[in-house]
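Numbering (this note's numbering), first residue to last: -17 to 262.
For glycine and all other residues, C-beta sits at the position ideal for the given N, C-alpha and C.
Here is the structure we will look at.
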């Protein structure tokens, strides 16, 4: 078999050719391996002429329809391959020795030759909160090497716009951004700010509420507690001086019992609030 290959870094692909040596073999099946694990198999049956610039410098094969051009499938990459360690790339015909070998210097080069790792696995987007109530701030952390990501931002159902990066760290891994909200089309009530990929895939969202907040379950429980306390105070202060001693004592005992129950309910609410604050 006559075969050769090279890495076309300009277009992020592996190109080459493989000519079968047996007369009954129409084309060669080429296996692509990373550290000995086969991640892709392709048939070398593409025309050579369109790939001639990328194959310049390699010996020209005797057959025209024996070329291949491929990118590594990210769906077949194992988590350990994205750990940043160097990887050995090999190409071979099944059952034969490799005809091409190259060392990939960690994750950035691996991703450059891949068919596209989803952006939610390449970057971590974090909101840090509002500044002066008018600017939403945050940062983007690259998981697999330096580079400025091209992301979009959308407020509610408005058309997405480019997310402008303010600054980047010296290593190119962390990038800060600000989203001005003054002209962002916010409405009274619930709003949502989303950071999207260039293809429109949501990465992270930040909820905003404009105007009075709606009453939640905790607020309803507090209102009920206050109403019960007010009723007991009215009941205690409105005692009739002419009541029989036994009835007055019964009413006082009832008020004390209800007061103890309300105190217990208040303690439970305070514990829930404290737990919620710790979670936030």
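Reduced DSSP secondary structure (H/G/I, E/B, other) of residue 62: In the chain shown, residue 62 corresponds to position 80, counting from 1. Three-state result, residue 62: helix.
Contact under 7 Å by Cβ, residue 156 with residue 107: Here residue 156 is taken as the residue at index 174 of the chain shown, counted from 1. Here residue 107 is taken as the residue at index 125 of the chain shown, counted from 1. Not a contact, by the Cβ cut-off of 7 Å.
Residue 33 to residue -3 span [Cα, whole Å]: Against the chain shown, residue 33 aligns to sequence position 51. Against the chain shown, residue -3 aligns to sequence position 15. Approximately 8 Å between the Cα atoms of the pair.
Supposed contact pair residue 148 and residue 159 - C-beta distance, whole angstroms, cut 8 Å: As a position in the chain shown, residue 159 is number 177, starting the count at 1. As a position in the chain shown, residue 148 is number 166, starting the count at 1. The beta carbons of residue 159 and residue 148 sit about 6 Å from each other, so the pair counts as a contact at 8 Å.
For residue -5: DSSP bridge partner residues: Numbered from 1 along the chain shown, position 13 holds the residue referred to as residue -5. Residue -5 is bridged by DSSP to -10.
Inter-stretch contact (C-beta, 8 Å, three-pair minimum) for the stretch 56 to 66 and the stretch 80 to 92: Cβ pair count under 8 Å is three or more, so yes.
Bounding residues of the beta strand (DSSP E) (the contiguous stretch that carries residue 174): Within the chain shown, residue 174 is the residue found at index 192, counting from 1. Its beta strand (DSSP E) spans residues 171 to 178.
Exposure of residue 261, with buried meaning 16 or more beta-carbon neighbours within 10 Å: Indexing the chain shown from 1 puts residue 261 at position 279. Only weak support exists for where residue 261 lies, its pLDDT of 45 falling under 50; the value from the coordinates is given anyway. By the neighbour-count rule (16 or more Cβ atoms within 10 Å), residue 261 is not buried but exposed.
Close Cβ partners of residue 17 (< 8 Å) along its chain, the five nearest in sequence each way excluded: Translated into positions along the chain shown, residue 17 becomes position 35. Residues of the same chain with a CB within less than 8 Å of the CB of residue 17, apart from the 5 flanking positions on each side, are 63, 69, 70 in chain order.
Endpoints, the beta strand (DSSP E) within which residue 184 is located: Position 202 of the chain shown, counted from the start, is the residue given in the question as residue 184. Element bounds for residue 184: 184 to 192.
The stretch 169 to 187 / the stretch 136 to 147 touching (three or more Cβ pairs under 8 Å): Judged by pairs of C-beta atoms under 8 Å, the stretch 169 to 187 touches the stretch 136 to 147, as three or more such pairs exist.
Contacting residues, own chain, Cβ-Cβ under 7 Å from residue 143 (five flanking each side not counted): For the purposes of this step, residue 143 is identified with residue 161 of the chain shown, where counting begins at 1. Within the same chain, Cβ atoms closer than 7 Å to the Cβ of residue 143 are found at 134, 135, the five residues on either side in sequence being excluded.
Helix, strand or coil at residue 108 [DSSP, three-state]: Along the chain shown, one-based indexing puts residue 108 at 126. If DSSP states are grouped into helix, strand and coil, residue 108 belongs with the strands.
Distance between residue 116 and residue 145 (C-alpha atoms, nearest Å): In the chain shown, counting from the first residue as 1, residue 145 sits at position 163. In the chain shown, counting from the first residue as 1, residue 116 sits at position 134. Answer to the nearest angstrom: the Cα atoms are 16 Å apart.
Rounded C-alpha distance that separates residue -13 from residue 172: As a first step, residue -13 is located in the chain shown; it is residue number 5 there, counting from the start. As a first step, residue 172 is located in the chain shown; it is residue number 190 there, counting from the start. Residue -13 and residue 172: Cα-Cα distance of roughly 56 Å.
C-alpha distance - residue 73 paired with residue 183, whole-angstrom precision: Sequence index remark: in the chain shown, residue 73 carries index 91 (1-based). Sequence index remark: in the chain shown, residue 183 carries index 201 (1-based). Counting only the Cα atoms, residue 183 lies some 34 Å from residue 73.
Coarse secondary structure for residue 141, derived from DSSP in three states: Here the question's residue 141 lines up with position 159 in the chain shown. DSSP places residue 141 in coil when its eight states are reduced to three.
Simplified DSSP assignment, three categories, for residue 155: Walking along the chain shown from the start, residue 155 turns up at place 173. If DSSP states are grouped into helix, strand and coil, residue 155 belongs with coil.
Option in 49, 36, 19 with minimal Cα separation from residue 29: Translated into positions along the chain shown, residue 29 becomes position 47. Closest by alpha carbon: 49.
Nearest-angstrom Cα separation, counted from residue 247 out to residue 97: Reading the chain shown from its first residue, position 115 is the one you call residue 97. Reading the chain shown from its first residue, position 265 is the one you call residue 247. Those two C-alpha atoms are separated by around 58 Å.
Sequence-distant residues of its chain with Cβ nearer than 8 Å to residue 110 (five each side left out): Taking the first residue of the chain shown as position 1, residue 110 is located at position 128. Exclusion of the five residues before and after residue 110 leaves 119, 120, 121 as the residues of its chain whose Cβ lies within less than 8 Å of its Cβ.
Burial state of residue 86 (16 or more Cβ within 10 Å): Here residue 86 is taken as the residue at index 104 of the chain shown, counted from 1. That one is buried.
Residue-level contact to chain B via CB, residue 97, 7 Å cutoff: Absent from the structure is chain B; it holds one protein chain and no more.
Sheet register partners of residue 85 (DSSP bridge): The sequence position of residue 85 within the chain shown is 103, counting from 1. Paired residues: 70.
Opposing strand residues paired with residue 80 [DSSP bridges]: For the purposes of this step, residue 80 is taken as residue 98 along the chain shown, with counting starting at 1. Paired residues: 74.
Residue 150 to residue 130 span [Cα, whole Å]: Reading the chain shown from its first residue, position 168 is the one you call residue 150. Reading the chain shown from its first residue, position 148 is the one you call residue 130. Answer to the nearest angstrom: the Cα atoms are 8 Å apart.
Residue 180, buried or exposed, once every other Cβ within 10 Å from all chains shown has been counted against 16: To locate residue 180, count along the chain shown from 1; it is residue 198. By the C-beta density criterion, residue 180 is exposed, having fewer than 16 other C-beta atoms within 10 angstroms.
Reduced DSSP secondary structure (H/G/I, E/B, other) of residue 162: Your numbering for residue 162 matches position 180 in the chain shown. Assignment of residue 162 by DSSP, reduced to helix, strand and coil, places it in the strand class.
Inter-residue spacing [alpha-carbon to alpha-carbon] between residue 37 and residue 188: As a working mapping, residue 37 is identified with position 55 in the chain shown. As a working mapping, residue 188 is identified with position 206 in the chain shown. Cα to Cα, the separation comes out at about 49 Å.
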